[in-house]
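Just below is one structure, and these are the notes that go with it.
Residue numbers (the working numbering), protein chains in the order written: chain A, 86 to 415; chain B, 650 to 811; chain C, 841 to 1474.
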């Protein structure tokens, strides 16, 4: 689960893996092409007089008159007028194309959906809930979404504190998460893969370290993952792991975190029920492995200064069982 | 002097060092008698005194750790109010610290051993700010009950998917 | 240089220079320095103070670039970095860009329209003191740690009392009060000066293009600035200090409302910065192509159109907030349409260059640099106006690249050009052209090296306002190039400063009109005397100085024993009446001090506003105390 390479991660809008991002990229390429041509043309027009000057071509003797001839002014008027007219037409065309593409990537252009995910932004992590009409079947996780390839997914975005922005460049444009509002957008992956995204609205000290992963996988793998996520946390199998669970339950951890199936029922921090199966710690800041986890628990402020995670003093003999236990929560 | 007050208000200490209390386990002595002759009394200094960031963290933790479950937003409910003139166990920072760490009879849980020390000081300073014992410029301007938090946010009805 | 006669022959001189210099001389000593009301002095003070803030903002930018040069860099922690980028944006937008344009306007407009001073000299002084004190107050927070870290736009709820603690954001909000009062003062006086104090015969269709741009800009200021005062003071500062709930969603407030109000100001703000630069470009081109700008009516209409349309664009900063699609589509259309008003001007300028007789001074280099950079920025702007593209590019380094292209290219390069062009007029010495060209090339290359890679970083997923980034994202090359470019810009700036200082001391002495220009400011000696013109000019053409000197007229019969100017009618500039301007006065300074004390107290206690009102009232009483004799002559 943790063995994917972090050599080069793409969070690029230029490498879309989703329907909407592809549509946006096509529009973008078209506009860059068209506007690039216009830019080059305008620059050439501006630079040619410089070249002419250097070749010593005589121009009208303006030192005395300061006024070119009537004929010149008339010609210029026609050229400038046509250029202005062409600009209007081109811009109107761009407006029309943008509106059409905009409609297709908005919820108006969405095929009928089956999956609704509620994403709530917090400082500086993402709460993820897979919605269900039966409240007891709502699945809660954090900082990582799994979606099935080829099926549209509705993201309902909210915020618990300040304005955040949910943005997975490989899949779709961004949508701000605003407290007291629900903002909806849809994403759909066209191919399996891991898509990284990042909060895109300045939200305070650790805005830079508020990332999330969207894992797009084939239907059968997604269904397996989904079913497993709905279950209680894996009970500790060995004595060492039981000791780790005891350390967790006796510390401040349970005041904030939730592990389904134990007494830990805190609501203000990421859900840890299946923490071991996630790719990263601290909203994409660290790869999820035991060394990083120990460092994170021992000194969260050193890794993510300003984070709301408390610096809980854990005795050195308790640390190893604790992280073993947390990593066992697959 | 104005400058030091401002610096105290504005600084942000993300990793406050533990005070000597971590060793002693208590902030306020209950007796002034000491063996070996009089010594300078142990006066634990509230590291978060007058600090705006600590008070705002205290406000956040007050809700996060559900102090408001018993004390509401200072007005009390199951537990006594925290905005008052007469304090059974005193409202000096050291006394408030002990109340939270040791717990008190008739229902106040003992949080020592769970909460990290620096967070207890933040909550202590926040409670003092509720009682206007902290500088006004460092105190939050909104009462807790009307401050925004997940339980007070009622999202506007979701617009129809257009 | 030409041998055009720029002074009225001695025989027809009717004003006594000695008398004028007695009347227009500032009072001696330190109180005299505080009491200055002549427009050149005040305009130059604006320019120098704004330049100082430019340097401060530049240092902040360099610190940011040094932090971002390498992934996971530890030069600046998150809090410090957030403070620095907030200060950078705030300083550049509020303390440098607008006051600098004001300063250039205050210096040039009275000279260009042919009068002796702005319409309200004491208001002019008052505006400057408010600006200076606001800037000092804002930066005094650095010494107490009260520095905002909420971004230059200070979105709620992040900037509200719950998530931004301490007094930093309060200092920010109050600083805006100071700078907005200052901008409004200058706007009001420039509008009146341009509309009522032009030289006789300078009908509106003969008004120089720079004055048109200042006129439109001042009108925009009057409509836009109240919105930011609403957003920062009424909305944010009150939420933070006296417990209102305008942005508290728990009590019915709305963070989006703050964004609307802020951007209703914020978008016109960038055009407020940009429009005077367009005017400067027109004037520089006119002088260095030896012909009037092609299509004067089209350019004027474009300037006015720009001013109007700029107020209809603000939601393009909010495309990601989930507003209804149809409404957002309107703003797409408007945002693209404003490219037309800018585009028409660019086409007219190119037509001018095409048919003009070019002289490539250092100022002209900056104008061509402006054309390249600004048009490129305009292209990315059209891309950002399209909602789908904006939803990917919003709040990434693509936007950072875009607005630096249009702001630096569209405002700072013309300012550099204007500096090189008018340096001789205000200092009496010619600036070194060769050093000017060298500084241009370093700045141009450095600028593109800094900001072009940001387009790529942005579309590759790098968001804005991040204090660091992981090495595996692939952004480090772009960031390193940007940081190297930033150092280049610093070097170019240093060459520019060295050029200015060297030319000040050892430049060739300048005569009145080294460029064979068309507008009235070149008719006076360099530097101009405090009263500008010995005899107020009369104009009969759009290009007064290109008329044969024998055919030029001037006004006779003005008194030279008091500060007298001629007011003219709005449309045709027919003489209307004589107006006596006030002499030097300490009251603008004292009133500004009183208001400053009150406004600073208001940050800590609401009753400060009462104090501000009281002290302001005392100041105004002194200010408006009637002089001993008042004469009004038809």
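The beta-carbon is built from N, C-alpha and C at its ideal position, and this holds for glycine as well.
- For residue 394 (chain A), the secondary structure class from DSSP, reduced to helix, strand or coil, is coil.
- Only those residues of the region 330-346 of chain A whose C-beta falls short of 7 angstroms from the nearest C-beta of chain B are listed: 336, 337, 340, 341.
- Neighbours of residue 781 (chain B) in chain C, taken as residues at a C-beta separation under 9 angstroms, are lacking, since the least C-beta distance is about 14 angstroms.
- When only Cα atoms are considered, residue 341 (chain A) and residue 790 (chain B) end up about 26 angstroms apart.
- Beta-bridge partners of residue 1328 (chain C) (DSSP): none assigned.
- Residues 1036, 1037, 1416, 1417, 1419 of the same chain have their beta carbon placed closer than 7 angstroms to that of residue 1407 (chain C), with the five preceding and five following residues left out of the count.
- For residue 1179 (chain C), the closest alpha carbon among the candidates A:230, A:123, A:161, A:335 is that of A:123.
- Taking 8 angstroms as the upper bound for CB-CB distance, residue 1103 (chain C) and residue 1158 (chain C) are in contact here, some 7 angstroms apart.
- Chain order gives the chain B residues near residue 1085 (chain C) as 791, 795, where near means a beta carbon separation below 9 angstroms.
- Collapsing the DSSP output to three states places residue 298 (chain A) in a strand.
- DSSP places residue 1184 (chain C) inside the alpha helix (DSSP H), whose first and last residues are 1165-1195.
- The CB of residue 663 (chain B) comes closer than 7 angstroms to the CB of 386, 390, 391 in chain A, given here in chain order.
- Residue 1206 (chain C) sits away from residue 1244 (chain C), with the two beta carbons spaced by 8 angstroms or more.
- Contact residues of the region 217-240 of chain A toward chain B are absent (C-beta to C-beta distance below 7 angstroms).
- For residue 765 (chain B), the residues of chain A that pass the 7 angstroms Cβ criterion are 337, 395, 396, 397, 398, in the order they occur in the chain.
- Around residue 1131 (chain C), the beta-carbon contacts reaching into chain A at under 8 angstroms are 147, 151, 152, 153.
- Per DSSP, residue 282 (chain A) lies in no alpha helix (DSSP H) segment; the continuous beta strand (DSSP E) that holds it begins and ends at 278-283.
- Annotation: residue 930 (chain C) to residue 894 (chain C) spans about 11 angstroms, alpha carbon to alpha carbon.
- Contact annotation for residue 353 (chain A) against chain B: 713 [CB-CB distance below 7 angstroms, chain order].
- DSSP places residue 232 (chain A) inside the beta strand (DSSP E), whose first and last residues are 229-233.
- Nearest C-alpha to residue 158 (chain A) among C:1191, C:1306, C:1106: C:1191.
- Against chain A, a Cβ distance below 7 angstroms from residue 768 (chain B) picks out 395.
- Against chain B, the CB of residue 1050 (chain C) has no partner CB under 8 angstroms away; the residue lies outside that interface.
- Under the 10 Å beta carbon count, residue 230 (chain A) is surrounded by 16 or more other beta carbons and is classified as buried.
- Here the alpha carbon of residue 1156 (chain C) sits roughly 15 angstroms from the alpha carbon of residue 1219 (chain C).
- Taking the Cβ atoms as the reference, residue 775 (chain B) lies roughly 5 angstroms from residue 704 (chain B), within the contact range of under 8 angstroms.
- As a beta-bridge residue in DSSP terms, residue 251 (chain A) pairs with A:260.
- With a 10 Å radius around the Cβ and a threshold of 16 neighbouring Cβ atoms, residue 944 (chain C) comes out buried.
- Residue environment: residue 887 (chain C) is assigned as buried (16 or more neighbouring CB atoms within 10 Å of its CB, all protein chains considered).
- Neighbours of residue 1091 (chain C) across chain B, judged by C-beta separation under 7 angstroms: 795.
- A Cβ of chain B is located within less than 8 angstroms of the beta carbon of residue 264 (chain A).
- Judged by beta-carbon spacing, residue 285 (chain A) lies beyond the 8 angstroms limit of residue 310 (chain A), meaning their Cβ atoms are not closer than that value.
- Secondary structure remark: continuous alpha helix (DSSP H) runs of at least 4 residues inside the region 750-801 of chain B, in chain order: 766-779.
- Here residue 1305 (chain C) really is in contact with residue 925 (chain C); their C-beta atoms are around 6 angstroms apart, less than 8 angstroms.
- Runs of the alpha helix (DSSP H) spanning 4 or more residues and lying entirely within the region 1041-1070 of chain C occur at 1049-1069, in chain order.
- Taken residue by residue, none of the region 1174-1206 of chain C has a beta-carbon sitting less than 7 angstroms from a beta-carbon on chain B.
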